[in-house]
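Heads up, the thing below is written out as structure tokens.
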Amino acid sequence: MLATDLLVFSSILSGWYFFSCLVSLPKTLNSTSGSCLLIPCLFNISKEKESILDNSPVVTWRRGSLWSLYDTDRFTIAHHQMEPVMEVVGDLRKKNCTSVMRNLSSQHSDRYFFRIETKTFTTTETRAVYINVSGGRAPQRTSFWPNVTVPVLREGEKVNLTCTAPAPCPSHPPNVIWAPALGGDVTQRTQMNTDGTQSVSAILNFIPSFHHHELKVNCVSIHPLPREDKPLLSHKTVILSLEYPPKKTWISLTGVVWLGSNVTLTCQSNANPPAFHRWFLKRAGVEEELNISHALSFTVAQDNTGEYICEAQNPYGAKNSTNLQITVPGQPVLETVSPFIVTLHFGPSRSHQIGIYYFYSCCFFYTFARTHFSIFKSLFQNFLHSELKSSLCGLNCGSFNNNKKFK
Numbered sequence: 001m002l003a004t005d006l007l008v009f010s011s012i013l014s015g016w017y018f019f020s021c022l023v024s025l026p027k028t029l030n031s032t033s034g035s036c037l038l039i040p041c042l043f044n045i046s047k048e049k050e051s052i053l054d055n056s057p058v059v060t061w062r063r064g065s066l067w068s069l070y071d072t073d074r075f076t077i078a079h080h081q082m083e084p085v086m087e088v089v090g091d092l093r094k095k096n097c098t099s100v101m102r103n104l105s106s107q108h109s110d111r112y113f114f115r116i117e118t119k120t121f122t123t124t125e126t127r128a129v130y131i132n133v134s135g136g137r138a139p140q141r142t143s144f145w146p147n148v149t150v151p152v153l154r155e156g157e158k159v160n161l162t163c164t165a166p167a168p169c170p171s172h173p174p175n176v177i178w179a180p181a182l183g184g185d186v187t188q189r190t191q192m193n194t195d196g197t198q199s200v201s202a203i204l205n206f207i208p209s210f211h212h213h214e215l216k217v218n219c220v221s222i223h224p225l226p227r228e229d230k231p232l233l234s235h236k237t238v239i240l241s242l243e244y245p246p247k248k249t250w251i252s253l254t255g256v257v258w259l260g261s262n263v264t265l266t267c268q269s270n271a272n273p274p275a276f277h278r279w280f281l282k283r284a285g286v287e288e289e290l291n292i293s294h295a296l297s298f299t300v301a302q303d304n305t306g307e308y309i310c311e312a313q314n315p316y317g318a319k320n321s322t323n324l325q326i327t328v329p330g331q332p333v334l335e336t337v338s339p340f341i342v343t344l345h346f347g348p349s350r351s352h353q354i355g356i357y358y359f360y361s362c363c364f365f366y367t368f369a370r371t372h373f374s375i376f377k378s379l380f381q382n383f384l385h386s387e388l389k390s391s392l393c394g395l396n397c398g399s400f401n402n403n404k405k406f407k
């Protein structure tokens with residue numbers, strides 16, 4: 001490559017002596033086999049030399065790999081066929097040398113040097129543009145992949161998602177689409193980039209909802225290939241991150257509510273960013289703030305009776321859970337009705353009569369099971385009446401006295 005550069009430089013010295021030309025063009029351009037390629041090109045010459053542009057100048061692009069063969073007898077028709085079909089689409093009188101290469105194949109990948117000739121002067125640019133033509137159906141360069149721009153997404157605020165794909169061949173621009181379109185409107189536009197190349201953008205305008213959070217959205221660019229039966233597909237997937245207020249707040253309870261037991265209330269909510277939680281206890285129509293935490297744990301006592309409320313809040317709003325009513329059962333009073341029947345009083349309006357032997361059997365087995373075998377305790381809990389089960393936790397089974405009452 002160094003030898004070629006020196007050869008190019010030495011070959012154009014005489015041309016530069018009479019005619020200097022400053023060319024502006026990209027360093028590298030990418031295309032794919034079967035397509036075409038736009039080469040943005042501008043040049044500048046001194047004002048006293050501008051008149052030569054009226055003398056039908058000819059622009060060519062010389063391949064670096066064939067440089068030593070140009071202008072010699074060794075340059076054959078076979079070598080000429082190795083050059084891509086080239087068309088100058090810019091207005092040379094306006095110093096625009098933009099050109100289009102057509103019917104490209106992977107064999108056309110090379111360095112190309114801009115050359116302008118008139119009847120009087122000839123010059124060749126020393127800096128080359130490297131043309132990379134990928135073969136096969138999949139693009140080998142990331143420059144073919146679409147680029148996606150996603151702003152901050154907030155629920156209810158209209159926003160644009162922009163997907164941009166390169167358009168190396170202006171006569172066959174890509175079709176850029178969004179999938180899914182999220183119920184929005186999609187518009188396409190073609191724009192000129194700062195380096196003179198072109199691109200096509202698909203702009204998706206929609207109003208985001210919290211249902212779109214963590215949704216995968218695809219931008220697909222479809223590049224038609226004039227010499228191929230099927231187009232070239234490229235895509236990029238993005239996962240949307242949406243900011244929204246709490247949409248659902250609920251309380252889950254761990255443990256069984258009876259005197260002396262340990263329970264935990266956990267507050268959960270659907271929000272982004274995640275919400276913080278505040279706890280309230282409502283008794284006799286009065287709400288009392290308890291704590292600011294994700295979970296609330298306590299040992300059950302009589303004063304824990306009431307309605308528990310969790311409020312979830314983030315910068316975009318707040319939402320309360322439904323009220324969770326917790327009623328702590330009191331200490332029951334037991335009295336005998338007959339030598340074989342006892343009555344359990346759970347207050348002025350609730351009582352249950354059970355056999356005395358059944359009661360003592362329950363008391364014995366439940367006390368033994370909860371002390372020694374947690375699995376028996378679990379099985380026995382499902383068997384016992386809920387209020388009897390609660391009472392057994394707070395009673396001393398041996399306290400049945402001569403007054404026929406439990407204290």
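Residue numbers (full-length UniProt numbering): 1 to 407. Here a beta-carbon is modelled for each residue, glycine too, at the ideal position from N, C-alpha and C.
One Cα belongs to residue 107, the other to residue 99, and the distance between them is close to 19 Å.
Taking C-beta atoms as the reference points, residue 187 and residue 207 fail to come closer than 8 Å. Our two residues, residue 315 and residue 289, have alpha carbons roughly 20 Å apart in a direct line. With contacts defined by Cβ atoms closer than 8 Å, residue 97 and residue 36 do not form a contacting pair. Nearest C-alpha to residue 216 among 74, 127, 150: 150. Between the region 159-175 and the region 121-132, the count of C-beta pairs closer than 8 Å stays below three; the two stretches do not touch. Residue state for residue 108 is assigned as helix, using DSSP reduced to three classes. Taking residue 302 as reference, the option from 259, 88, 267, 309 with the minimal CA-CA separation is 259.
If you check the CB distance, residue 246 and residue 269 come in under 8 Å. In this structure residue 115 is buried. Its beta-carbon is surrounded by 16 or more other beta-carbon atoms within 10 angstroms. Cβ contact annotation for residue 109 (same chain, cutoff 7 Å, sequence separation greater than five): 131, 132, 133, in chain order. Straight-line measurement puts the Cα of residue 295 at about 6 Å from the Cα of residue 265.
Here DSSP, grouped into helix, strand and coil, assigns residue 280 to strand. Pairing residue 153 with residue 319, the inter-Cα distance amounts to about 21 Å. With a 10 Å radius around the Cβ and a threshold of 16 neighbouring Cβ atoms, residue 255 comes out exposed. In this structure, DSSP gives residue 167 a state outside helix and strand, which the three-state scheme calls coil. In this structure, 47 is the residue among 47, 261, 65, 78 with its C-alpha nearest to the C-alpha of residue 95. Annotation: the continuous alpha helix (DSSP H) that includes residue 81 extends over 77-81.
Residue pairing for residue 210: DSSP places it in no beta bridge. The beta-carbon distance between residue 38 and residue 198, rounded to whole angstroms, is 6 Å. This is short enough to meet the 8 Å contact definition. Counting along the chain, residue 319 sits inside the beta strand (DSSP E) bounded by residues 317-320. If you draw a straight line from the Cα of residue 77 to the Cα of residue 146, it is about 39 Å long.
About 5 Å separates the Cβ atoms of residue 324 and residue 251, confirming a contact at the 8 Å cut-off. Using a Cβ distance threshold of 8 Å, residue 234 and residue 144 count as a contacting pair.
Inter-residue distance for residue 190 and residue 53 is about 31 Å (C-alpha atoms, whole angstroms).
Cβ neighbours of residue 292 within its own chain (closer than 8 Å, five residues either side excluded): 276, 277, 278, 279.
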